[in-house]
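Numbering of the sequence shown is given in our numbering, commencing with residue 93 and proceeding in unit increments.
Glycine residues also receive a C-beta, built at the ideal position from the N, C-alpha and C atoms.
Take a look at the structure below.
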Amino acid sequence: MGDFDLVPAAGGEWHGLLFDNQTVGLEPSLTWNFRIPCEPVEDGQAALSVEWLPIPAPGWRSMAGAAATSGSFAEPAEASVYHGLHHRYDRIDLRITEQDGPRIRVAVTIAGDIDNLGPAELTVDAWLTFTGILVQLGGVATADAALSRLAEFTAVDGLAEVPDPRGIAFRFAPH
């Protein structure tokens with residue numbers, strides 16, 4: 093595949109996920125996911141995705157200045173580039189440099205191309221729009237219970253329940 097550059101395109105998004113897995117003993121934790129679509133390249137659309145990144149911040153309205161790193165793939169976060177193929181990256185350094193309401197500006201550097209399919213390191217700077225927080229917890233059967241559990245992890249002001257198109261979680265988004 094060789095080297096390539098990622099140029100952010102409009103339409104990037106970020107959201108939270110409060111998740112547990114009682115079967116394997118994974119305790120509830122709030123993580124954040126970021127998807128940065130990139131300009132079409134010679135063989136189609138590309139995107140950078142960072143998932144499961146725990147970022148210490150008081151709430152979705154107070155993300156500016158927050159930062160987090162992940163030193164190894166899935167320990168705890170995952171970074172991937174979709175550019176013709178799925179490129180997994182080992183390390184993540186993400187900083188939220190600005191916030192304007194539901195939009196944040198992120199500076200992301202990923203490094204350590206696990207599959208040896210692309211460049212060893214990529215850096216992208218982009219504005220992303222908040223799409224909400226998903227709550228997928230065992231034993232939580234109502235939206236009120238989900239919102240109450242979410243409030244144990246982060247500020248929930250300004251959020252209201254909206255349908256989850258997948259139907260597997262409770263979703264709360266700005267109203």
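Member of the options whose CA lies at the smallest distance from the CA of residue i
i: T123; options: G117, P266, I225 and D249; result: I225
i: P211; options: Y174, L229, A238 and L242; result: Y174
i: P150; options: G117, L220 and D249; result: D249
i: I196; options: A218, A203 and I202; result: A218
i: G193; options: D236, T223, R241 and T234; result: T223
i: F165; options: I147, E143 and I260; result: E143
i: G108; options: A101, H178, V232 and P148; result: P148
Collapsed DSSP secondary structure at residue i in the structure displayed
i: S268; result: Outside the displayed span of the chain (93 to 267) sits residue 268, for which this structure offers no information.
i: A235; result: helix
i: G224; result: strand
i: M93; result: Bear in mind that the predicted position of M93 carries a pLDDT of just 41, short of 50, making it unreliable; the figure below should be weighed with that in mind. Residue state, collapsed to three classes: coil.
i: E167; result: coil
i: H267; result: coil
i: V116; result: coil
i: W106; result: strand
i: V248; result: coil
i: S154; result: coil
i: L98; result: coil
i: A261; result: coil
i: G204; result: strand
Residues of its chain near residue i, where Cβ-Cβ distance is below 7 angstroms and the 5 sequence neighbours each way are ignored
i: L162; result: Contrary to the premise, residue 162 reads as Ser rather than Leu in this sequence. So the list reads L145, P168, A169, R183 and I184, once near-sequence residues are dropped.
i: D112; result: L118, E119, P120, L229 and G230
Length of the line joining the Cα atoms of residue i and residue j
i: A138; j: V198; result: 17 angstroms
i: D205; j: F126; result: 19 angstroms
i: L110; j: L251; result: 14 angstroms
i: T115; j: V216; result: 36 angstroms
i: E119; j: R180; result: 25 angstroms
i: N208; j: W152; result: 35 angstroms
i: M93; j: S172; result: Any reading at M93 must be qualified, since the residue scores a pLDDT of 41, below 50, and its modelled position is unreliable; no value is offered.
i: L98; j: W106; result: 18 angstroms
i: I260; j: L242; result: 16 angstroms
i: V237; j: T221; result: Val is not the amino acid found at residue 237; the sequence shown has Ala there. Each residue's alpha carbon lies about 26 angstroms from the other.
Chain-order list of residues whose beta-carbon lies under 6 angstroms from that of residue i (same chain, five-residue window excluded)
i: G103; result: P129
Beta-carbon proximity list for residue i, same chain, < 8 angstroms, skipping 5 on both sides
i: L239; result: V227, V248, L251, E253, F262 and F264
i: D256; result: L226, F262 and R263
Original post:
Are the stretch 140–159 and the stretch 173–190 in contact at 8 angstroms, needing three or more beta carbon pairs?
Top reply: With three or more CB-CB distances shorter than 8 angstroms, the stretch 140–159 counts as touching the stretch 173–190.
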